[in-house]
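Below you'll find the structure, written out as structure tokens, and then a few comments.
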Amino acid sequence: MPMTSMCSSPPNQFPPFLPKQAEKIKDPFARRLASRISRLPVNLFGNSVMSSCVKPIARGETSAPVVLLHGFDSSCLEWRYTYPLLEEAGLETWAIDILGWGFSSLESLPSCDVASKREHLFQLWKSHISRPMILVGPSLGAAAAIDFAVSYPEAVEKLVLIDASVFAEGTGNMANLPKPLAYAGVAVLKSFPLRFYVNVLAFIGLPLSTNLDWTNIGSLHCQYPWWADASVDFMLSGGYNVTGQISRVKQRTLIIWGENDKVISNDLAKRLVGELPNATLRQVPNCGHLPHVEKPSDVAKLIVDFVSEDKHQNTRYVPKSQELVS
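Numbering (the working numbering), first residue to last: 4 to 329.
So, in structure tokens, the structure goes:
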């Protein structure tokens, strides 16, 4: 079904566990994807975590499942424009919230450090996907994807890294902050003005009305009472530092990069393709830090081609979507 047709029907009811602020979201693509978020039980260190994700409508038979992560302190709603296109192309597509972010239930808060995030993803994959996957990581999600692929190579057939934040040394000096200062820092991180400004940096020429709505979408998961605790736990744990793991990636890798990324320099895209053993770089013109939000049809086409390149099959048509929904 074309995205235009999907947009014309009224949005479905939201799951009851979403924060009530979801009703303020105007973007029809975000509303539609939010209506499909569910929680699955994941065994994490002996405890069951009800973990949020968007599940595929049907299991694929001819290609590996595509599993979409998200960036730092974000959620599966990052994929509101690209997810339907991948599904339309016939791919089994999952959008998974990384432990500590997104819409999982963390009332009994587990550790949200890198090791816990990795183990949570593995247990979710083992329990609910259980086939080698195409793992897609944008921004800091690329670090999570590399960390996972090196630790569990049997679970990952290929990697897709989008404007990858993989050369930072974790959370740096913030890992040494006293807890009260750490909580003050995450309070700023939650603030509407900061998130609005991040969108200004991340996208090209974003209309004001769109930015206001996208800021609400991006901060929806911050409304949970456990969000601050999970964020502080991640910050003080040191975060992702995967620079030393890049050369150990064995999987074929597609690197996608917005040519006009003001957050992470294109020079690092060239460095990454040089350090990965088996990688290809594709740049998206007139695009900022999050191509899967800003140029969804371009990203979907690149992923579909990458999934099918070894299958000697004709790539299915991916329709041209609206690039910026105002």
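Note that the Cβ used here is the ideal one computed from N, Cα and C, for glycine as well.
- Candidates LEU211, MET177, THR218: which alpha carbon is nearest LEU197's? THR218
- Item | Residues bridged to THR283 (per DSSP) | LEU257
- Task: May I ask you to verify whether the segment 67 to 87 touches the segment 297 to 305, counting CB pairs closer than 8 Å and requiring at least 3?
- Result: As far as the Cβ criterion goes, the segment 67 to 87 touches the segment 297 to 305, which means the pair count is three or higher.
- Query: Nearest to SER41 by alpha carbon, out of PRO18, LEU47, ARG34?
  - Reply: PRO18
- Cβ separation of VAL163 and ILE137, assumed to be a contact under 8 Å, to the nearest whole Å: Contact between VAL163 and ILE137 holds, since their C-beta atoms are separated by about 6 Å, short of 8 Å.
- Query: Is LEU102 closer than 7 Å to SER119 when the C-beta atoms are compared?
  - Reply: For SER119 and LEU102, yes; Cβs fall inside 7 Å.
- What are the start and end residues of the alpha helix (DSSP H) that includes ILE306? Looking at the DSSP string, the run of the alpha helix (DSSP H) that includes ILE306 is 299 to 311.
- How big is the Cα-Cα spacing for ASP76 and VAL153? Spanning the two alpha carbons is a distance of roughly 23 Å.
- Contacts around TRP229, its chain only, beta-carbon distance under 6 Å, and the 5 residues preceding and following it disregarded: LEU109, LEU112
- Within this structure, are the beta carbons of HIS292 and ASP100 separated by less than 7 Å? no
- Query: What residues are listed by DSSP as bridge partners for SER250?
  - Reply: According to DSSP, which records beta bridges pairwise, SER250 is partnered with nothing at all.
- Query: Which one of ALA25, ASP264, VAL45, PRO280 has the shortest CA to CA distance from HIS123?
  - Reply: VAL45
- Item | Straight-line gap, VAL117 to MET177 (C-alpha atoms, nearest Å) | 15 Å
- Residues that DSSP places opposite PRO44 in a beta bridge: MET53
- Message: I want to know whether the segment 180 to 187 touches the segment 23 to 42 - three or more CB-CB distances under 8 Å.
- Response: no
- In this structure, does DSSP put LEU71 in helix, strand or coil? strand
- Query: Got a sec, what are the start and stop residues for the alpha helix (DSSP H) ILE220 sits in?
  - Reply: That run of the alpha helix (DSSP H) goes 211 to 221.
- Task: Less than 8 Å between the CB atoms is what I'm expecting for LEU275 and ILE259, so what's the real figure, rounded?
- Result: So it is not a contact: roughly 11 Å between Cβ atoms.
- How should GLU95 be labelled, buried or exposed, when 16 other C-beta atoms within 10 angstroms of its C-beta is the threshold for buried? buried
- Could you give the DSSP three-state label for TRP97: helix, strand or coil? strand
- In three-state DSSP terms, what is LEU160? Before going on, a small fix: residue 160 reads as Glu here, not Leu. Of the three classes helix, strand and coil, the one that applies to GLU160 here is strand, per DSSP.
- Ends of the beta strand (DSSP E) at MET136? 136 to 141
- Between ALA67 and PRO135, which are expected to be in contact by the criterion C-beta below 8 Å, what is the C-beta distance as a whole number of angstroms? That belief holds up - the Cβ atoms of ALA67 and PRO135 are roughly 6 Å apart, short of 8 Å.
- Task: Please classify LEU127: is it buried, with 16 or more other beta-carbons within 10 angstroms of its beta-carbon, or exposed?
- Result: LEU127 is buried by the Cβ-count criterion.
- Item | Within 7 Å, strictly: CB atoms of PHE125 and SER55 | no
- Considering only residues of the same chain and omitting the five flanking positions on each side of ASP301, which have a CB-CB separation below 6 Å? VAL287
- Message: For a test of the three-state rule: what should DSSP assign to ILE165, helix, strand or coil?
- Response: strand
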